[in-house]
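Asks: Numbering (the working numbering), first residue to last: 181 to 702.
Just so it is clear, CB atoms sit at the ideal spot from N, CA and C, and this is done for glycine as well.
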Amino acid sequence: MGEVFGSLITYIPWPILPPIIAIGLALWTRQVFMALAVGIWFGYMILAHGHPLTGTLATIDAFVNVLTDTSNARMVTFSLIIGPLIALVQRSGGVNGFVEVILRFIERATKNRSGRLKRKIVESFAAFTGLFLFIESNISLFTVGTLYRPVFDKLKIPREKLAYINDSTSAPSNILMPFNAWGAFIMSLLAIYALGPDKVFDNEFEVLVKAIAYNFYPMLTVLLIFIVIWSGKDIGDMKKAEIRARETGKLLRDGAVPMMDDSVSMLEPVEGIAHKARNMLIPIFAMVFLMPTFLIYTGWDKATAFALKQAQEMGTEPVHGLALAWLALSKGFGSGSAAVLYAVSFAILIAMALYRAQGLMKITEMVEISLKAMAGMVNVAILAVLAFALNAMCKELGTGAFVADIFKNTIAAGFIPALIFVIAAFIGFSTGTSWGTFSIMIPVAVPLAAQVDGVNIYMAVAAALGGGVFGDHCSPTSDTTIIASMSTANDHIDHVRTQIPYALIAGAGATILYLILGFLGV
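(1) Span of the alpha helix (DSSP H) holding H675?
(2) Give a yes or no on whether the C-beta atoms belonging to S655 and G612 are separated by under 8 Å.
(3) In three-state terms, what does DSSP make of P627?
(4) Check whether the region 473 to 493 touches the region 226 to 245, counting contact only when three or more Cβ pairs, one atom from each stretch, lie closer than 8 Å.
(5) Give me the DSSP bridge partner(s) of P438.
(6) Does the beta-carbon distance from M621 to G647 come in below 8 Å?
(7) Could you tell me whether the Cβ atoms of F396 and L693 are closer together than 8 Å?
(8) On a Cα-Cα basis, can you pick out the residue from N559, S515, L534, D434 that is closest to S251?
(9) Could you name the residues of the same chain whose beta carbon sits closer than 6 Å to that of F322, not counting the 5 residues immediately before and after it, in chain order?
(10) Kindly indicate which three-state DSSP category L432 falls into: helix, strand or coil?
(11) Classify G634 as buried or exposed, calling it buried when 16 or more other Cβ atoms lie within 10 Å of its own Cβ.
(12) Could you check what DSSP says for G648 in three-state terms: helix, strand or coil?
(13) Quick check: the region 305 to 318 against the region 328 to 348, are there 3 or more CB pairs under 8 Å?
(14) Determine the extent of the alpha helix (DSSP H) in which T234 is found, giving its start and end residues.
(15) When you compare each of A683, R433, G689 to Y344 by their alpha carbons, which one comes out closest?
(16) What residues in its chain sit with their C-beta under 8 Å from that of T209, if we drop five residues either side in the sequence?
(17) With a threshold of 16 other CB atoms inside 10 Å of the CB of A537, please say whether the residue is buried or exposed.
(18) For the alpha helix (DSSP H) containing E451, name the first residue and the last one.
(19) Less than 6 Å between C-beta atoms, sequence neighbours within five positions excluded: which residues of the same chain meet that for V676?
(20) Look up M557 in the DSSP assignment and say whether it is helix, strand or coil.
(21) Please classify D347: does DSSP put it in a helix, a strand, or coil?
(22) P352 to H231, Cα distance in whole Å?
(23) Could you round the C-beta distance between V565 and V246 to whole angstroms and report it? I think they count as a contact, below 8 Å.
(24) Between G204, L268, R254, I192, which has its C-alpha nearest T544's C-alpha?
(25) Could you give the distance in angstroms between the alpha-carbon of W480 and the alpha-carbon of F513?
(26) Spatial neighbours of S187 within its chain, please: CB distance less than 6 Å, with the 5 preceding and 5 following residues excluded, ordered by chain position.
(27) For L197 versus F222, is the C-beta distance shorter than 8 Å?
(28) Cβ atoms of I319 and M471: under 8 Å apart, would you say?
(29) Go ahead and pull the three-state DSSP assignment for L566.
(30) Exposed or buried, what is A555 when buried is set at 16 or more other beta-carbons lying within 10 Å of its beta-carbon?
(31) Would a C-beta distance cut-off of 8 Å place M255 and S619 closer than the cut-off?
(32) Would you report the Cα separation of I262 and A527, rounded to the nearest angstrom?
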């Protein structure tokens, strides 16, 4: 009996149990904080070989250790200071002004047309804005959520729909455009395979660009968004949300816990002031412009060193000025987390200066509003800490490598692209990080495609990337999913539950395409 029990213990897939427990509990109970904490504790209990005190203390340390990572600390701080920017823009009347401008435009464009057409146009505007802001996913998520939430609210479109559109245009546009931090990060993962006598290809940028044509998941996701918008056909919990909003006017379900407190998202403007759209657009556009500016700034020294080294090797003059700035952006030398934090911080200062110059608010009032707004964002900050702690625990357990190793040498060539996609999706879902999934799956996909005859290496790379985004879209622990919920003031689990059916449709379509093309040897 003991031997049987020992065998069962040996064959239990321990590395994947904690994220499955965390995500399963979150979806089942809707208590995301409790679910993540339980999953993290269970993981550290495994690492502590079942010792309860050691596992519990390690769990507590894990929460603290999240903030010892500079990038994580910046993202947690970003989660807090987003609140003041939103609250100040609300209080200035800028949000009301923007809503009035958009609605006037829509009224003119849809004169004597149905209210349904107005909804479709607004939803399309939100989708195109998300696709256009491909420079950085968090900026895209925050901008679309902030700009369009009040417009969607006015038209009684449920918050779940905005969160879906927001989340499903952010990462897909980032992964399909090579000229951003995502592209630079992926090229850094591919670069090792373009070096040495055993190199797999000559140029990592060429591989990334050619892989775009095979990156079916983000393409299908974007296509599905517009099909849903213009057909008006919703499924699952999203259909229920649309019926609720249409029949009762409720933007959130009863009992929902929005990721942004009403004291932030629903703050009334100062009485008696004119509602001017520019009071919203100037700080938001400043933030969008400052994002790439700070990416260049934080990457300038690395770009300079790279340019000097490259010039010495080629016997030419090093690039400078705009060419050096482009090098810093295209190679991803800047810090994304720092650039986002700096851009939002300066946007707050610009907003304060703008509103004080107009006499809308005193400095003391703006500081008080900002402090209250940060208090309203504590839920988001705590969720970010939990998500980062779960990700760190999964790294210690080797969750991603465990999943990849199970399948990578046990399948026929025609199945390989689809299998890479499915494995990447599961890793992304379990760990809540698309970039972490890329880091695990690119080293699996590239050598596998190189060693097995009949496997298209561009398709293999695309499958790893698309699968990571697919899993990320379905995961309640993903930072992009969290920010999508936060920026739209939506209940986080409601966002996940309403988005998953659409993600599964796009994921199933991508899997079928990889199977067809894999066996055709395209």
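Replies: According to the structure data:
(1) The residue labelled residue 675 in the question sits at position 495 within the sequence shown. Note, H675: alpha helix (DSSP H), 672 to 700.
(2) Within the sequence shown, residue 655 is the residue found at index 475, counting from 1. Within the sequence shown, residue 612 is the residue found at index 432, counting from 1. Taking 8 Å as the Cβ cut-off, S655 and G612 qualify as a contacting pair.
(3) Position 447 of the sequence shown, counted from the start, is the residue given in the question as residue 627. Residue state, collapsed to three classes: helix.
(4) no
(5) Sequence index remark: in the sequence shown, residue 438 carries index 258 (1-based). Bridge partners of P438: D671.
(6) Within the sequence shown, the letter at position 441 stands for residue 621. Within the sequence shown, the letter at position 467 stands for residue 647. Taking a C-beta distance under 8 Å as the contact criterion, M621 and G647 qualify as a contact pair.
(7) Numbered from 1 along the sequence shown, position 216 holds the residue referred to as residue 396. Numbered from 1 along the sequence shown, position 513 holds the residue referred to as residue 693. Cβ distance < 8 Å, so F396 and L693 count as in contact.
(8) Translated into the one-based positions of the sequence shown, residue 251 becomes position 71. When each option's Cα is compared against that of S251, the closest is S515.
(9) The residue you call residue 322 lines up with position 142 of the sequence shown. The residues are S667.
(10) Taking the first residue of the sequence shown as position 1, residue 432 is located at position 252. Reduced to three states, the DSSP call for L432 is coil.
(11) For this step, residue 634 is matched to residue 454 along the sequence shown. Taking a 10 Å sphere around the C-beta of G634, we find fewer than 16 other C-beta atoms and assign the residue as exposed.
(12) Within the sequence shown, numbered from 1, the residue matching residue 648 stands at position 468. In this structure, G648 counts as helix in the three-state DSSP scheme.
(13) yes
(14) By one-based count along the sequence shown, residue 234 stands at place 54. It spans 232 to 246 - the alpha helix (DSSP H) in which T234 sits, taken as one unbroken run.
(15) Along the sequence shown, read from residue 1 onward, the residue named residue 344 stands at position 164. Of the listed residues, the one whose Cα sits closest to Y344 is A683.
(16) Against the sequence shown, residue 209 aligns to sequence position 29. Result list for T209: A215, in chain order.
(17) The residue you call residue 537 lines up with position 357 of the sequence shown. Per the 10 Å Cβ criterion, exposed.
(18) By 1-based counting over the sequence shown, the position of residue 451 is 271. Note, E451: premise wrong, no alpha helix (DSSP H); not H, not E.
(19) Here residue 676 corresponds to residue number 496 of the sequence shown, with the count starting at 1. Excluding residues within five positions, the ones whose Cβ falls inside 6 Å are P656.
(20) Counted from its first residue, the sequence shown places residue 557 at position 377. It is coil, neither helix nor strand.
(21) To locate residue 347, count along the sequence shown from 1; it is residue 167. Helix at D347.
(22) Walking along the sequence shown from the start, residue 352 turns up at place 172. Walking along the sequence shown from the start, residue 231 turns up at place 51. In a straight line, the C-alpha of P352 is about 42 Å away from that of H231.
(23) Within the sequence shown, the letter at position 385 stands for residue 565. Within the sequence shown, the letter at position 66 stands for residue 246. Sure, about 5 Å apart at Cβ, within 8 Å.
(24) As a working note, residue 544 is residue 364 in the sequence shown. Of the candidates G204, L268, R254, I192, the one whose C-alpha sits nearest the C-alpha of T544 is L268.
(25) Start at 1 with the first residue of the sequence shown, and residue 480 comes out as number 300. Start at 1 with the first residue of the sequence shown, and residue 513 comes out as number 333. Going by the C-alpha atoms only, they are around 7 Å apart.
(26) As a working mapping, residue 187 is identified with position 7 in the sequence shown. Because S187 sits at a pLDDT of 47, beneath the cut-off of 50, its placement in the model cannot be relied upon, and the following sentence gives the value as read from the coordinates. Answer for S187: no residue qualifies.
(27) Your numbering for residue 197 matches position 17 in the sequence shown. Your numbering for residue 222 matches position 42 in the sequence shown. The Cβ atoms of L197 and F222 lie closer than 8 Å to each other.
(28) One-based indexing of the sequence shown puts residue 471 at position 291. One-based indexing of the sequence shown puts residue 319 at position 139. The answer is yes: Cβ separation under 8 Å.
(29) Here residue 566 refers to the residue found at position 386 of the sequence shown. Looking at L566 - three-state DSSP - the assignment turns out to be helix.
(30) Counting from 1 along the sequence shown, the entry for residue 555 is found at position 375. Exposed, since its Cβ has fewer than 16 Cβ neighbours within 10 Å.
(31) By one-based count along the sequence shown, residue 255 stands at place 75. By one-based count along the sequence shown, residue 619 stands at place 439. Taking 8 Å as the Cβ cut-off, M255 and S619 do not qualify as a contacting pair.
(32) Locating residue 262 in the sequence shown gives position 82, where the first residue counts as 1. Locating residue 527 in the sequence shown gives position 347, where the first residue counts as 1. Rounded to whole angstroms, I262 to A527 spans 10 Å at the Cα level.
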